[in-house]
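**Student:** Let me begin by handing over the structure; questions about it come next.
In our numbering, the protein residues as written are 4 to 251.
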């Protein structure tokens with residue numbers, strides 16, 4: 004007898020949503036309009052020829068650069084209007100820290116020199132997986148931005164990223180391990196997890212929570228296996244989108 008389980012959007016359990024990556028969407032040094040199903044984000048990377056004040060304390064002359072991220076959801080990104088805020092709320096703060104950490108894990112601050120890269124991630128439409136989509140899109144925007152200043156780097160032959168990163172959500176829904184949860188699945192998940200990994204398959208961050216249940220070793224292994232499949236596929240899409248700009 005065939006398995007009667009069908010996902011809300013008709014996908015297989017190990018299938019990601021359709022991902023589209025459009026580079027050069029704004030006039031930032033690197034910009035990407037990225038969508039995964041009905042979730043859409045604008046990720047930009049801007050390069051500033053300075054470093055934060057905390058890197059210059061005590062009269063220090065910085066030789067290293069810095070990378071940081073900001074995340075916002077636009078008012079119309081959800082079904083009911085989300086109020087516009089000057090400062091990020093707790094959720095946005097946690098997500099932008101995740102984005103920054105994820106990219107700094109493969110970032111070569113010395114190779115960048117004393118300048119700062121700002122990653123701005125704005126959600127245009129939300130249907131689950133906003134944080135993971137921003138990590139994936141911000142990496143593409145960052146590579147484009149760094150490529151645009153390559154001739155100004157301390158050593159143009161040394162690219163300021165050691166690897167690419169991508170991210171995807173996984174979860175247990177009705178006891179099933181699923182890849183890339185949409186909002187309906189995410190809101191019903193017993194276990195929810197966000198996974199960031201390099202294209203080589205090394206984990207950068209794993210955020211896993213039993214929302215309404217616990218999970219065991221076998222279920223954790225199944226979720227991580229799905230996540231690695233998803234991040235490998237996303238890394239391939241990043242490489243395809245960047246073409247000759249791909250630095251690795």
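Even for Gly, the Cβ is constructed at its ideal location relative to N, Cα and C.
Under three-state DSSP, which class holds residue 80?
**Tutor:** Helix at residue 80.
**Student:** What is the rounded straight-line gap between the Cα of residue 142 and the Cα of residue 106?
**Tutor:** In a straight line, the C-alpha of residue 142 is about 7 Å away from that of residue 106.
**Student:** According to DSSP, what are the bridge partners of residue 3?
**Tutor:** Since the first and last residues shown for the chain are 4 and 251, residue 3 lies out of range.
**Student:** What are the start and end residues of the alpha helix (DSSP H) that includes residue 214?
**Tutor:** Run containing residue 214: none; DSSP gives neither H nor E here.
**Student:** Kindly indicate the opening and closing residues of the alpha helix (DSSP H) around residue 93.
**Tutor:** Residues 93-107.
**Student:** What does residue 110 pair with, by DSSP beta-bridge criteria?
**Tutor:** According to DSSP, which records beta bridges pairwise, residue 110 is partnered with 164.
**Student:** Skipping 5 residues on each side, what residues in its chain have a beta carbon closer than 8 Å to that of residue 147?
**Tutor:** So the qualifying residues of the chain are 26, 27, 32, 33, 34, 35, 48, 245 and 248.
**Student:** Name the two residues that bound the continuous alpha helix (DSSP H) containing residue 24.
**Tutor:** Here residue 24 belongs to no alpha helix (DSSP H); instead the beta strand (DSSP E) covers 22-26.
**Student:** In whole angstroms, what separates the C-alpha of residue 207 from that of residue 218?
**Tutor:** So the two alpha carbons sit approximately 21 Å from each other.
**Student:** Can you tell me whether residue 4 is helix, strand or coil according to DSSP?
**Tutor:** Its pLDDT being 42, under 50, residue 4 is placed unreliably in this model, and the value from its coordinates should be taken loosely. The answer is coil: DSSP assigns residue 4 none of H, G, I, E or B.
**Student:** Closest to residue 57 by CA distance: which of 126, 30, 210 and 119 is it?
**Tutor:** The shortest C-alpha separation from residue 57 is found at 119.
**Student:** For residue 192, which residues from the same chain have a beta carbon less than 7 Å from its beta carbon, with the 5 sequence-adjacent residues on both sides left out?
**Tutor:** Only 174, 175, 176, 184 and 214 meet the Cβ criterion.
**Student:** Would DSSP call residue 37 helix, strand or coil?
**Tutor:** Reduced to three states, the DSSP call for residue 37 is strand.
**Student:** Find the nearest neighbour of residue 40 within the set 54, 20 and 59, judged by alpha-carbon distance.
**Tutor:** Per the Cα distances, 20.
**Student:** Under 8 Å, do residue 81 and residue 44 count as touching if we go by C-beta distance?
**Tutor:** No. Outside cutoff.
**Student:** For residue 132, count the other beta carbons within 10 Å of its own beta carbon; 16 or more makes it buried, fewer makes it exposed. Which is it?
**Tutor:** Per the 10 Å Cβ criterion, buried.
**Student:** Tell me where the alpha helix (DSSP H) around residue 143 begins and ends.
**Tutor:** Per DSSP, residue 143 belongs to the alpha helix (DSSP H) from 133-151.
**Student:** Cα-Cα, which of 165, 178, 182 and 166 is closest to residue 172?
**Tutor:** Looking at the Cα atoms, 182 is the closest of the given residues.
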